[in-house]
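Have a look at the structure below, then the notes.
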Amino acid sequence: MRIGLYPGTFDPITLGHVDIIQRAMALVDRLVIGVAINRDKSPLFDLEARVSMVRAECDAIAARTGGEILVHPFENLLIDCARDVGATVIVRGLRAVADFEYEFQMVGMNRALDSSIETVFLMADARRQAIASKLVKEIARLGGDVSKFVTPAVNEALAGRFR
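Heads up: the sequence shown begins at 623 in my numbering, then just goes up one per residue.
Quick look at the structure:
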């Protein structure tokens, strides 16, 4: 069984993330969404809320595709999380060249830690390249419409957070 790990903070999960998840499902038998606990960041949503939002979106994708998607919170090294869930592939989404430079360094470090785990990059769909969780939160905080960037459930969660 080919197991992939798609890690991120998902604060919140966006349509860009959903696109990568759907496309990654074609590459693996099981996709684990690693929801990162990053103490260096101050997420808008706590871990429980982020996991809940990711799980709801992934349950809908799995129902449509018939694939297996698990949601797994983690706080350890990415490569250790990959080992913990049995992943042989780490899936990363890229929006722009700037993303690649950072990800390229991460791949090098991860390969040095465990060369048996590959990293696969999926380019964001052209319609989704501008979507970043950070920008979505900023737009929502300032009262803007983020419905083009997130699902209705996430849009409602953002609206509730900033009321």
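Just so it is clear, CB atoms sit at the ideal spot from N, CA and C, and this is done for glycine as well.
Original post:
Candidates 696, 782, 729 and 647: which alpha carbon is nearest residue 632's?
Top reply: Translated into the one-based positions of the sequence shown, residue 632 becomes position 10. Residue 632 has its Cα closest to that of 696, out of 696, 782, 729 and 647.
**OP:** Out of 716, 761, 753 and 688, state which residue places its alpha-carbon closest to the alpha-carbon of residue 650.
**Re:** Counting from one through the sequence shown, the residue named residue 650 turns up at place 28. Comparing Cα positions, the closest option is 688.
Original post:
Roughly how many angstroms separate the alpha carbons of residue 718 and residue 728, rounded to a whole number?
Top reply: Along the sequence shown, one-based indexing puts residue 718 at 96. Along the sequence shown, one-based indexing puts residue 728 at 106. So the two alpha carbons sit approximately 16 Å from each other.
**OP:** Take every Cβ of the stretch 709-717, pair it with every Cβ of the stretch 740-757, and state whether three or more of those distances are shorter than 8 Å.
**Re:** yes
Original post:
Three-state secondary structure (DSSP) at residue 774?
Top reply: As a position in the sequence shown, residue 774 is number 152, starting the count at 1. Helix, per DSSP.
Subject >> Three-way DSSP call (helix, strand, coil) for residue 659 in this model >> reply: Counting from one through the sequence shown, the residue named residue 659 turns up at place 37. Note: residue 659 maps to coil in three-state DSSP.
Original post:
Pick from 709, 665 and 710: whose alpha carbon is nearest that of residue 780?
Top reply: What you label residue 780 is simply residue 158 of the sequence shown in a count that begins at 1. Out of 709, 665 and 710, 665 has the C-alpha closest to the C-alpha of residue 780.
**OP:** Evaluate the contact criterion for the stretch 635-646 versus the stretch 675-691: three or more CB pairs, one atom per stretch, below 8 Å.
**Re:** yes
Subject >> Limits of the alpha helix (DSSP H) - the one that residue 731 falls within >> reply: As a working mapping, residue 731 is identified with position 109 in the sequence shown. Its alpha helix (DSSP H) spans residues 719-735.
Original post:
Going by Cα to Cα distance, which pick from 701, 661 and 669 is closest to residue 628?
Top reply: Taking the sequence shown and counting its residues from 1, the one referred to as residue 628 is at position 6. Among 701, 661 and 669, the Cα nearest to that of residue 628 is on 701.
Original post:
Nearest to residue 670 by CA position, among 765, 769 and 693, is which residue?
Top reply: In the sequence shown, counting from the first residue as 1, residue 670 sits at position 48. Of the candidates 765, 769 and 693, the one whose C-alpha sits nearest the C-alpha of residue 670 is 693.
Original post:
Which residues in the same chain have their Cβ closer than 8 Å to the Cβ of residue 740, if we skip the five residues on either side of it in sequence?
Top reply: Here residue 740 refers to the residue found at position 118 when the sequence shown is read from its first residue. So the qualifying residues of the chain are 710, 711 and 712.
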